[in-house]
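**Q** A single structure is presented below for examination.
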Amino acid sequence: MATFSLVDGNNFYVSCERVFNPSLENRPVIVLSNNDGCVVARSNEIKKLVPIGAPYYQYRKVCEQHNVKVLSANYALYGSLSDKMMDCFQYFCPNRELYSIDEAFLRWEDKADQDRVEQALLLRNTVKRWTGLPVSVGLAPTKTLAKVANHIAKKKTKEGVFDIRDKDVQEKILADFPIEDIWGIGRQLTQHLQKRGIYTAKALRDSDASLLRRTFSVVVERIIYELRGIACLDLETAQPRKSILSSRSFGTPVTALGDLEEALSHYAANACVKLRDQKSRAQRLSVFLRTSPFNHSEPFYQKSHSCSFSTPTHDTRLIIQAAKRCLKRLYKPGLRYQKTGILLMDITEESVTQTDLFAATENKKSDRLMQRVDTINNLFGRDTVHFAAQGIQRPWHMRSDHRSPRYTTCWDELPRVKAI
DNA sequence: TCTGGGGTCCTAGGACCC
DNA sequence: TCTGGGGTCCTAGGACCC
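Under the numbering used here, think of the first position of the first sequence as 1, with each following residue one higher.
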């Protein structure tokens, strides 16, 4: 039997900020989502007072009162530190699944002479030394239990490592573990299960798996088996995305079609870069447009429209054109729009693209152009060259009032060291 | 005034085929 | 009046994750 670990950065975004700004240690810090809208990360000092996901404006006062350092999201920084952290994991265990920006599953092949807890501690210390980031490790026979163990490691241990492989330990921990904290049990399932008198992970584990499968879905059945220590989920290798979304809320509401077109073109170009990065093309796209769902003094409007290409493409020009056509069908004058976006679908590998027998093929020329654009932007920074449709002034640009420097990805923003 | 962004998987139901 | 059985594919919507 193999052992699974879940390794996960503690308060990841906050920790990334602290790596380059030690004055943030031991003081309350929060990180906001794009547009400075919601709270997406909190340091331990402020967790009790500010809930995750809360709209920031509702907690601005609390933050002022407690001298909280408020930061805008700096994804360039978090992404680059994440890469370094994942490299460290690889050094310890080659069987690795990158699960999210701050988490990875590891699978260790069990050998009698190896002390996994010892190794987990070493991994933790090494990651801290090499990247400055604190992580927690959970050890278990299944991924779902590794998630549980990680939870305990973070909340209840000093060392940041917890081993739940022992059956007796499982009994004890699961008896106190609320179902809403189980990986895969969200708000809806929690409510439904609680109505049936199931409140703890232990109660769920000991339920009738096939009955709950019939009532809910195979997903719940799998969770039950995983809690029993029977692995249903293995590591997953990275696959190319099946859909690519690019969207943003506007810094201030937008009313003019021209501004919407510029913003949408910008997101479309962004989506195309992601598409080409994974060497794919898309055959269908969908555009959506909406007003603010929170502003009850104005009517809420939300609609999407999709269209297809005769052959899959990754040409930004074609995708911008098509997106703008969709947008025109959605646009109603007089509304204050809050967000638009584009979803690329029916994505296929570049190399196996089926071409249209009757269409003029301009593919090679288009491929070359896109390649040049990407090369220039990779070399000199994103947006060095862009499409005119994306606009220049960008009045719809998102708010980001408290962003730290992009220390690791931008030449102009490298950290400076002062000689004394 | 001010509420993120980007994904995946599963299921049900309809359309369609022979 | 009486109208089969079995299968696939597609889509929309829901739920979940970080």
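All residues carry an ideal CB built from backbone N, CA and C; glycine is no exception.
What separation, rounded to the nearest whole angstrom, lies between the Cα atoms of S130 and R406?
**A** It is Trp, not Ser, that sits at residue 130 in the sequence shown. Taking the straight line from one Cα to the other gives about 19 Å.
**Q** Taking buried to mean at least 16 other C-beta atoms within 10 Å of its own C-beta, is R296 buried or exposed?
**A** In the sequence on display, residue 296 carries His and not Arg. H296 should be labelled exposed.
**Q** Rounding to the nearest angstrom, what Cα-Cα distance links Y267 and V273 in this structure?
**A** Their backbone Cα atoms lie some 10 Å apart in a straight line.
**Q** Comparing C-alpha positions only, which one of P253, P178, Q371 sits nearest to T316?
**A** Of P253, P178, Q371, the residue nearest in Cα terms is Q371.
**Q** So, are the CB atoms of P253 and Q393 less than 8 Å apart?
**A** No; because the gap between Cβ atoms is not below 8 Å, this pair is not in contact.
**Q** Per DSSP, which residues does F4 bridge with? Please list them.
**A** BP columns for F4 point to R107, A140.
**Q** Just the Cα atoms here: how many angstroms apart are A263 and Y331?
**A** Near 14 Å, if we compare the C-alpha coordinates of Y331 and A263.
**Q** Using the Cβ count rule (16 or more neighbours within 10 Å means buried), how would you classify Y59?
**A** With 16 or more other Cβ atoms within 10 Å, it is buried.
**Q** Are the region 108-121 and the region 159-169 touching by the rule of at least three beta carbon pairs closer than 8 Å?
**A** With the cut-off at 8 Å, the region 108-121 and the region 159-169 touch.
**Q** So the candidates are D8, P134, T348; which of them puts its Cα closest to the Cα of S243?
**A** If we check each option's Cα against that of S243, T348 comes out closest.
**Q** In terms of alpha-carbon separation, which member of Q302, H386, A322, S246 lies closest to F430?
**A** What is shown of the chain runs 1 to 420, which leaves residue 430 out entirely.
**Q** How about H314 and A282: do their beta carbons lie closer than 8 Å?
**A** The answer is yes: Cβ separation under 8 Å.
**Q** Under the rule that 16 or more other beta-carbon atoms within 10 Å means buried, what is W411, buried or exposed?
**A** Answer is exposed; the Cβ neighbour count stays below 16.
**Q** Can you have a look at A419 and say buried or exposed, based on whether 16 or more other CB atoms are within 10 angstroms of its CB?
**A** So A419 ends up on the exposed side.
**Q** If I measure Cβ to Cβ from C38 and keep anything under 8 Å in the same chain, skipping five residues before and after, which residues do I get?
**A** Once the five neighbours on either side are set aside, the close Cβ partners of C38 are L32, G53, A54, P55, Y56.
**Q** Can you pull the DSSP bridge partners for H305?
**A** V287, per the DSSP bridge assignment.
**Q** For R329, which residues from the same chain have a beta carbon less than 8 Å from its beta carbon, with the 5 sequence-adjacent residues on both sides left out?
**A** These residues qualify, in order along the chain: H305.
**Q** Touching or not, the region 191-211 and the region 174-182, by the rule of three or more beta carbon pairs under 8 Å?
**A** Because the criterion of three Cβ pairs below 8 Å is met, the region 191-211 and the region 174-182 touch.
**Q** Taking only three categories from DSSP, how would you classify D168?
**A** Looking at D168 - three-state DSSP - the assignment turns out to be helix.
**Q** Buried or exposed, going by whether 16 or more other CB atoms sit within 10 Å of the CB of K154?
**A** Classification of K154: buried, given that the 10 Å Cβ count is 16 or more.
**Q** Taking DSSP's pairing of strands, which residues face Y337 in a bridge?
**A** Beta-bridge pairing links Y337 to V254, T291.
**Q** Taking C-alpha atoms, which residue in L133, L189, L245 lies nearest to R18?
**A** Minimum Cα distance to R18 is reached at L133.
**Q** Residue range of the beta strand (DSSP E) that L71 falls in?
**A** Counting along the chain, the beta strand (DSSP E) containing L71 begins and ends at 69-72.
**Q** Short check: CB of L257 to CB of G138, under 8 Å?
**A** It is not a contact, given that the beta carbons lie outside the stated cut-off.
**Q** Note the first and the last residue of the continuous beta strand (DSSP E) segment covering A41.
**A** Where A41 is concerned, the enclosing beta strand (DSSP E) stretches over 39-42.
**Q** So, does the region 60-69 touch the region 91-107, judging by three or more C-beta pairs under 8 Å?
**A** Verdict: no, contact absent.
**Q** Mind checking T255: buried by the 16 CB within 10 Å criterion, or exposed?
**A** Under this definition T255 is an exposed residue.
**Q** Taking only three categories from DSSP, how would you classify M345?
**A** Three-state DSSP puts M345 in a strand.
**Q** Should the region 182-193 be regarded as contacting the region 220-227, the criterion being three or more beta carbon pairs within less than 8 Å?
**A** Flag = yes, the region 182-193 and the region 220-227 touch.
**Q** Residue range of the alpha helix (DSSP H) that F216 falls in?
**A** Neither: F216 is in no alpha helix (DSSP H) and is coded neither H nor E.
**Q** If we call anything under 8 Å between Cβ atoms a contact, is F105 one with K143?
**A** Closer than 8 Å, so yes.
**Q** Could you pull out every residue in the same chain whose Cβ sits closer than 8 Å to the Cβ of K128, ignoring the five residues on either side in sequence?
**A** P134, V135, listed in sequence order.
**Q** Write down the C-beta distance between C16 and L98 rounded to the nearest angstrom, noting that I regard them as a contact closer than 8 Å.
**A** No, C16 and L98 are not in contact; Cβ-Cβ is about 16 Å, not under 8 Å.
**Q** Going by the beta-carbon positions, is the gap between L318 and L260 smaller than 8 Å?
**A** Going by C-beta atoms, L318 is not nearer than 8 Å to L260.
**Q** Tell me whether the region 236-250 and the region 378-390 touch, counting them as touching only if at least three CB pairs, one residue from each stretch, are closer than 8 Å.
**A** The region 236-250 is not in contact with the region 378-390.
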